Amino acid sequence: MFIRKTTSKYKTKTYTNYLLVKSVHTPKGPRQKVICSLGDLSPRPARQWLELAHKIEDALVGQSSLLEACDPEVEQIVRQVRQRQSPKSHRACTKRHGNDEDLIAVHADQVRVERPRQAGSVHVGYQFWKRLGMEEILGGLDFSLRTIQLTCAMTLNRLIHPTSEHAMPGWIRSTALDDILGVDFNSLVEDPLYRNLDRLHPNRVAIEQALVKRERNLFNLDRTVFLYDLTSTYFEGKALRNPKAKRGYSRDKRPDCKQVVVGLVINRDGFPIAHEVFAGNVQDRQTLGTMLDLLAQRVGFVEGQTVVIDRGMAYPENLQEIKDRKLHYVVATRQSERDTWLDDFQDQEGFEEIVRVPSPLNPFQKKSKVLIKRKQREGETFVLCTSSERSEKDRSIRQKQEQRFLSDVAKLQKRISQGRLVREVAIGEAIGRLKERYPRVARYHTLCFNAEKRTLRHEPDQAMKEKAEMLDGAYLLRTDRNDLSAKEAWLLYMTLTRAENAFRAMKSPLAERPIFHQLEHRVETHIFLCVLAYHLLVAIEKTLLDGGRHTSWATVRQTLATHQVATIVLPTDGGRTLQIRKGTTPEPEHLELYRLLDVPTQIMRPERTWIQPPRPKPSD
């Protein structure tokens, strides 16, 4: 054992430190191990260092009797070294950093962890909120900092754990949003959230426009294709104060509820471009012109862009309107138009099979067999498609409808025979309602009322039934783009499924439905927040996909649920308590996601707070 002198310079000053060093044997040979630092102690001259080192070594192993022979100077050095190595001295040794102590003694049995809060998914959501420039967009509209923070919290709620505005404050307090945003949400109630909806409503279009522009530049998004589709979302309650709340065709299978219809345009990459809320009784075909006007106003058109729509809008006047705007269309035709191609569907020549691979998210997924055939007629391209999966679905639906149709025909006959339905006009109306209710099968069934015999004659048209069976699983695509092959047209139409996925996401994980708001403008802002949340969702999944990771937001959210922020409470000597608020150490799976998403691994900067002990009450 020996003493080593070290020096270091900082600016103009030189600092000296003495180390007690011991030589040790290791598998890699002899090495020097520092036993302790003597600090700025002043030892004897260098020639006496070896003797001093031996005496210190003896003291450290408990041979205190050797101290008796030491002179006072050596004794003082050894005493100080022993003090430096004792637990008591560690409690006394402190290193100051501001007003906090970095090195303290704590009562280990009293250490506690308090206020654990969900942080991982909130952290990612907020990072993408900033990446999409939402703070700058809202700030540019002269929103206050508080409004921006509330809008962020409300959007992240829809993204992570959708709730009503009534329950939202509780959810916010269960997360680390206050730590991340630096806001105190302890006193937050629902009223400010409702008022925030009111503030956002007149600015929806401006926000959406700015966000679309930001995303286009950030992700280099495709601008050649617009995918347009509609869905409906229903209300709980009568919604008497909302003029758009009407009963209509319910895609949610809730014809008993009033609803609104939501139109959504997305690009080929799945990012929303524009949305609009229509009255609940509007027909799909009536909305296309409005959405095209909105697109022209908000993002503008470039000649040659393609609009992809579903069969509900495949009417001649709509296709002509698209052409008048110097745009192209790809559309699935209505069944009546498909039926005129029966001979071509029956002819097996010319069909080619689409090779479909399972989604990376579901490698065990079974893909249906799809056959396509390209035909041209009157300057347009038609693609005949058959799907084995769709064939089974069509057959099942048609058979169920036929069973219900025949059952309702029998019930109608019973009403007539029992005299509960007498007037011929009323009977004719009842027959018409049956055909309206079951259009898929009613077309190959003939219903006639014999007034003399008071009977309902029912005759199936076997030829038409066989024709319907042959068209199970068949659908027809139509486009004015003659440069597309059958496969290219089919693939372009299939991108419309991304709009369907968007609606599924907004209805289920983002909880767009049911709607509890009663006022029209709050309903529209509620849907707007769902669309904002979907922007974040698509941006997150797009970033992962670009990084080679096929992971859904649902999986990301579940994985990050274990990354939290918590407060560590450290009771110390002297009665003071140190509270440290910080994020937990990320797990390897957390780090991997943060790396792929390019977000910081540290959720927040640690915050230290000293709690002083209560002062004793003065004695009487």
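For reference, each letter of the sequence shown is one residue, going -4 to 615 in my numbering.
Note that the Cβ used here is the ideal one computed from N, Cα and C, for glycine as well.
All of these numbers come straight from a predicted model, not from anything done at the bench.
For the region 315 to 360, the continuous beta strand (DSSP E) assignments of 3+ residues that do not extend past its boundaries occur at 323 to 327, 347 to 349, in sequence order. Excluding its 5 nearest sequence neighbours in each direction, Asn496 has C-beta neighbours in its own chain below 8 Å: Gly265, listed in chain order. Ile167: not part of any beta strand (DSSP E); member of the alpha helix (DSSP H) spanning 163 to 168, first to last residue.
Relative to Leu416, the option among His440, Arg449, Thr441 whose CA is nearest is Arg449. Straight-line measurement puts the Cα of Gln292 at about 56 Å from the Cα of Val564. Three or more beta-carbon pairs separated by less than 8 Å are not found between the region 473 to 488 and the region 386 to 402, which leaves the two stretches without contact. The way I'd put it, the region 560 to 578 doesn't touch the region 533 to 551; fewer than three beta-carbon pairs between them come closer than 8 Å.
Unbroken alpha helix (DSSP H) runs of no fewer than 4 residues, entirely contained in the region 470 to 506, are found at 481 to 489, 492 to 502, following chain order. Ranked by Cα distance from Leu195, the options Arg211, Thr226, Phe346, Ser139 are led by Ser139.
The beta carbons of Gly120 and Ile155 sit about 6 Å from each other, so the pair counts as a contact at 8 Å.
Taking a 10 Å sphere around the C-beta of Glu298, we find fewer than 16 other C-beta atoms and assign the residue as exposed. A distance below 8 Å separates the beta carbons of Pro164 and Leu183.
Sequence-distant Cβ neighbours of Leu290 in its own chain, meaning closer than 8 Å and more than five residues away, are Phe221, Val260, Ile268, Ala269, Phe296.
The straight-line gap separating the alpha-carbon atoms of Val436 and Glu584 is approximately 53 Å. Taking 8 Å as the cut-off, the beta carbon of Arg141 is found no closer than this to the beta carbon of Thr520.
Around the beta carbon of Asn152, 16 or more other beta carbons sit within 10 angstroms, so the residue counts as buried.
By the beta-carbon neighbour count (other beta carbons within 10 angstroms, threshold 16), Gly345 is exposed.
Cβ-Cβ distances below 7 Å link Leu145 to Pro187, Leu188, Asn191 in the same chain, with the five nearest sequence neighbours on each side left out; the list follows chain order. Where Asn445 is concerned, the enclosing beta strand (DSSP E) starts and stops at 440 to 445.
Less than 8 Å separates the beta-carbon of Leu491 from that of Asp224. Here Ile202 is not near Ile317, since their CB atoms are 8 Å or more apart. Shown here for Tyr439: same chain residues with a beta carbon closer than 7 Å to its own, the five before and five after excluded, namely Pro455, Asp456, Met459, Lys460, Ala463 in chain order. Assigned with DSSP and collapsed to three states, Ser402 falls in helix. The Cβ neighbour count for Ile(-2), taken over all protein chains shown within 10 Å, is at least 16; the residue is labelled buried.
In the three-state DSSP reduction, Pro197 falls in the helix class (H, G or I). Leaving aside the five residues that flank Phe400 on each side, the residues in its chain whose CB is nearer than 6 Å to its CB run, in chain order, Tyr433, Val436.
Under the DSSP assignment, Glu602 falls in the beta strand (DSSP E) whose first and last residues are 602 to 606.
The alpha carbon of Lys577 has as its nearest neighbour, out of Asn181, Leu14, Pro111, the alpha carbon of Pro111. Residue environment analysis places Asn215 among the exposed positions, since fewer than 16 neighbouring C-beta atoms fall within 10 angstroms of its C-beta. Sequence-distant partners of Asn181 (beyond 5 residues in either direction) whose C-beta falls short of 8 Å from its own C-beta, in its chain, are Arg168, Asp173.
The region 603 to 614 makes no contact with the region 585 to 593: fewer than 3 CB pairs, one atom from each, lie closer than 8 Å.
According to DSSP, residue pairing for Val101 in a beta bridge involves Thr567. By the C-beta criterion, the region 323 to 341 is judged not to be in contact with the region 230 to 250, since fewer than 3 inter-stretch pairs fall below 8 Å. For Arg544, the closest of Arg428, Glu587, Thr579, Leu429 by C-alpha to C-alpha distance is Glu587.
Rounded to whole angstroms, the gap between the alpha carbons of Glu312 and Arg473 is 15 Å.
Val350 is not a Cβ neighbour of Tyr324, given a cutoff of 8 Å.
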